[in-house]
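When the letters of the sequence shown are read in order and numbered with the working numbering, they come out as residues 14 to 628.
In this text, a Cβ means the ideal position worked out from N, Cα and C, and glycines have one as well.
Since we're looking at a predicted model, the values are computed, not measured.
Working notes, beginning with the structure itself.
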Amino acid sequence: MCGIVGYIGYREAYPIIMKGLQRLEYRGYDSAGIALYDGNQIYLSKTKGKVEDLKNKSESQIPLNGSLGIGHTRWATHGVPNDVNSHPHYSNSGDLVIIHNGIIENYESIKTELIKRGYVFESDTDTEVLVNLIEEVKKKENVLLGHAVQIALNQVVGAYAIAVFDKQKPDEIVVAKLGSPLAIGIGDKEFFIASDASPFIEFTNNAVYLEDEEMAIIRLGKEIKLRKIKDDAIAYPMIQELQLNLEEIEKGGYDHFMLKEIYEQPRAIKDTYRGRLLVDQGLIKMSGIDQNLEKFMNAQRIIIVACGTSWHAGLVAEYIFEDLARIPVEVEYASEFRYRNPVITSKDVVIAISQSGETADTLAAIKLAKERGAFVFGVCNVVGSSIARETNAGAYTHAGPEIGVASTKAFTTQITILTLIALKLAKAKGEFSESRFHEYLTELENIPAKVSKALEANPLVEIIADVYKDSENCLYLGRGYNFPVALEGALKLKEISYIHAEGYPAAEMKHGPIALIDEHMPVIVIATKKGHYEKVVSNIQEIKTRKGKIIAIVTEGDDQVRDLADHVIEVPETFESLTPLLTTIPLQLLSYHIAVMRGCNVDQPRNLAKSVTVE
Ligand code: AGP
């Protein structure tokens, strides 16, 4: 996730901004930059790489004086990580300079218009388009920066936290927020701007957090002026006195990155379908698919290669693709696929799924598939990662950096992307009527709110976790779309709490695992209303008669299972194929709480790495 830092006051801006960027490194990034104004000239330095690289480059390249400046750590969404695409960005005149965290969805159409008006662009970023739109508005409307920013932002669609200043008016910085965080530190004759309070907490604990669609004109010697971007209404700054320490700020006030990332899922899913799921227009826009639709439509099968949680997302995709798009799918562990001399032809499409984009087995599987003529499509979370560069095309999940080793938001955003692809192919193949397709788009757009609802079960899940935290074994059962969720729930528990856990298709119990059931065996059963519900209820009864302890994940309002299970956790109702996006939530929370209660290192579990870049 990008990080922004800014300063205007009486001190030297450089050390404050540089240290502030270091404080934001935890957010994950691939490049960094800084712009300073020394009273006459703006000096700008930026680079692909780490803040340390920026420090070395700045200190050898530009004067470091000036009490006005902005800095940025970039997590690439548009344009690969390189020096030119790094922020800050100048406007064409060189008067304005901007930093931005977010995504401008309609930047291409704006860029086309600006090019017609003679603007030129160095980078591939949406941010450089935004700063030149602001410049064009400022010139055409003959208004000051603050007003130009407001008019420009009413023309863009997307998410942003921006800071921008004009060297012609160096006593102010203008900031604005929609969908990405932005905090203003209020000092004595000085102001700080940042994505969170960590860059300025040592200078002041008085902060204003902008609300969505709010902007502020921060002028030295004046009170900050807040206004609503849409209707110019004055907003009144609510100054908060922060009690957080640095570590708490990095985790957003959560005890662990994993819990923070579990709670980020509504936003992460929304960011992943942002600009792709166009419900009003009744379409799904994915350039990586649009440009290769022929290959997918003519594929004799789709082979999915992945590892771990990403493999579980692939299993969900198998159900979705075959159920909705009627395309044959095989899901392969990349580590097996790469060595078993698989039959691959040019009629195959391979989808490689990887959060990190660096998993060695998956990378090797991709290379093998390409050598044998298959078209390979990547679903990654890290822009410019090895897998993203190795595949023929792809689509990024916009989950933001996932710091916790245990994948959570990666899983749900991967399923989101794979659902978009399956729906798009189903529509292209004529498997869906317009109305049915629109129903699906609408329900997918409702998912972030339903995930938020599922998260409300957290207090109940914590109580249940306390009951089972000392278990030595655990079984997870699911049918249909929820069978992969059972596998994923078991993986979550074993990798962070070190309890042995297994996931099974519920119907498979009678072929052996039911021998394990006794009063010491907790069994988590996903028993949502959609898909073989009555059969799962029968499985629950079989477990109950053998004294197994039953934790059931049910559709809200289901009282039938409540009478059978020892514990019931509700999730909202949704379409059968979208159920995994909800049923996985309580399982993530359950594994998290049990691990915490067992004193495990939740974010860095023993023996595990976040990205397995070796065999
Ligand atoms: C899941 O919680 C683990 N972090 C692990 O299984 C992970 O999913 C696997 O290593 C694949 O990683 P990738 O998605 O980055 O390729």
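Rounded Cβ spacing between residue i and residue j (contact assumed at less than 8 Å)
i	j	result
Ile566	Ile556	No, Ile566 and Ile556 are not in contact; Cβ-Cβ is about 14 Å, not under 8 Å.
Gly41	Pro355	Going by Cβ atoms, the distance from Gly41 to Pro355 rounds to 34 Å, so no, they are not a contact pair.
Val464	Ile598	6 Å
Thr592	Thr429	About 13 Å; that fails the 8 Å criterion.
Ile175	Ile112	7 Å
Val110	Ile83	7 Å
Thr322	Glu501	6 Å
Ile316	Asp361	6 Å
Ile17	Ile206	7 Å
Glu203	Ile21	7 Å
Val187	Leu158	5 Å
Ala378	Ala423	Rounded, the Cβ-Cβ distance is 18 Å, inconsistent with contact.
Ala519	Val550	Ala519 to Val550, Cβ: 10 Å. No contact.
Asn552	Met522	6 Å
Ile366	Gln278	Going by Cβ atoms, the distance from Ile366 to Gln278 rounds to 17 Å, so no, they are not a contact pair.
Leu488	Tyr517	7 Å
His411	Thr90	6 Å
For residue i, three-class secondary structure by DSSP
i	result
Leu291	strand
Gly516	strand
His606	helix
His85	strand
Lys524	Correcting the residue type first, residue 524 is His in the shown sequence and not Lys. Reduced to three states, the DSSP call for His524 is helix.
Asn219	strand
Asn145	helix
Ser71	helix
Met299	coil
Leu37	coil
Ser211	coil
Glu177	Per the sequence shown, the amino acid found at residue 177 is Val instead of Glu. It is a strand residue.
Tyr27	helix
Ile633	The question about residue 633 has no answer here: the residues shown for the chain are numbered 14 through 628.
Ile333	helix
His44	Looking at the sequence itself, residue 44 is Ser, so the reference to His does not match. The answer is strand: DSSP assigns Ser44 an E or B state.
Glu345	strand
Glu154	helix
Leu529	helix
Met310	helix
Lys63	coil
Ala338	helix
Gly198	strand
Ala423	helix
Val187	strand
Val162	helix
Leu77	coil
Gly612	coil
Ala246	coil
Gly327	helix
Gly321	helix
Ser590	helix
Leu49	strand
Contact with chain B by residue i, beta-carbon distance below 9 Å
i	result
Gly612	The structure shown has no chain B; it contains just one protein chain.
Whole alpha helix (DSSP H) elements within the segment 250-283, 4-residue minimum: Correct list: 259-263 and 270-276.
Run the Cβ filter for me: residues under 5 Å from any heavy atom of the ligand AGP, listed in the order they occur in the chain. Counting every residue whose Cβ lies closer than 5 Å to a heavy atom of the ligand AGP, we get Cys320, Gly321, Thr322, Ser323, Ser367, Gln368, Ser369, Thr372, Ala419, Ser420 and Val625.
Of all the alpha helix (DSSP H) runs that stay within the bounds of the segment 386-421, which reach a length of 4 or more residues? The segment 386-421 contains these whole alpha helix (DSSP H) runs: 399-403.
Where in the segment 348-392 do unbroken runs of the alpha helix (DSSP H), each at least 4 residues long, occur, reported from the N-terminal end onward? The segment 348-392 contains these whole alpha helix (DSSP H) runs: 373-384.
Quick check on the DSSP output: what are the complete beta strand (DSSP E) runs of length 3 or more inside the segment 426-514, in order along the chain? Counting only runs of 3 or more, we get 486-491.
Is the segment 558-574 close to the segment 430-446, with three or more CB pairs under 8 Å? The segment 558-574 is not in contact with the segment 430-446.
Count the CB pairs spanning the segment 328-343 and the segment 484-498 that are closer than 8 Å, and state whether there are at least three. Taking one beta carbon from each stretch, the segment 328-343 and the segment 484-498 have 3 or more pairs nearer than 8 Å; the two touch.
Three or more C-beta pairs under 8 Å: does that hold for the segment 220-237 against the segment 44-59? Fewer than three pairs of CB atoms, one per stretch, sit closer than 8 Å, so the segment 220-237 makes no contact with the segment 44-59.
Is it true that the segment 132-151 meets the segment 98-106, where meeting means three or more beta-carbon pairs spaced less than 8 Å apart? Under the Cβ criterion (8 Å, minimum of three pairs), the segment 132-151 counts as touching the segment 98-106.
Using 8 Å as the threshold, is the segment 251-263 in touch with the segment 162-177, meaning 3 or more CB pairs across them? No contact exists between the segment 251-263 and the segment 162-177.
Write down every uninterrupted run of the alpha helix (DSSP H) in the segment 531-586 whose length is 4 residues or greater and which is fully enclosed by it, in chain order. Within the segment 531-586, the complete alpha helix (DSSP H) runs of at least 4 residues are 546-558.
What are the complete beta strand (DSSP E) segments, minimum 3 residues, inside the segment 100-149? The qualifying runs are 109-117.
Would you call the segment 517-536 and the segment 614-628 touching, i.e. three or more CB-CB distances under 8 Å? Below 8 Å, too few C-beta pairs join the segment 517-536 and the segment 614-628 to call them touching: fewer than three.
State whether the segment 400-410 contacts the segment 300-312, with contact taken as three or more CB pairs (one from each stretch) at a distance under 8 Å. As far as the Cβ criterion goes, the segment 400-410 touches the segment 300-312, which means the pair count is three or higher.
Between the segment 567-575 and the segment 453-462, can you find at least three pairs of beta-carbon atoms closer than 8 Å? Counting C-beta pairs with one atom in each stretch, the segment 453-462 and the segment 567-575 have fewer than three that are closer than 8 Å, which means they do not touch.
Would the segment 69-88 count as touching the segment 22-29 if we require 3 or more Cβ pairs under 8 Å? Contact holds: three or more Cβ-Cβ distances are below 8 Å.
So does the segment 209-221 actually touch the segment 32-40, counting three or more Cβ pairs closer than 8 Å? Yes, since at least three Cβ pairs between the segment 209-221 and the segment 32-40 fall closer than 8 Å, the two stretches touch.
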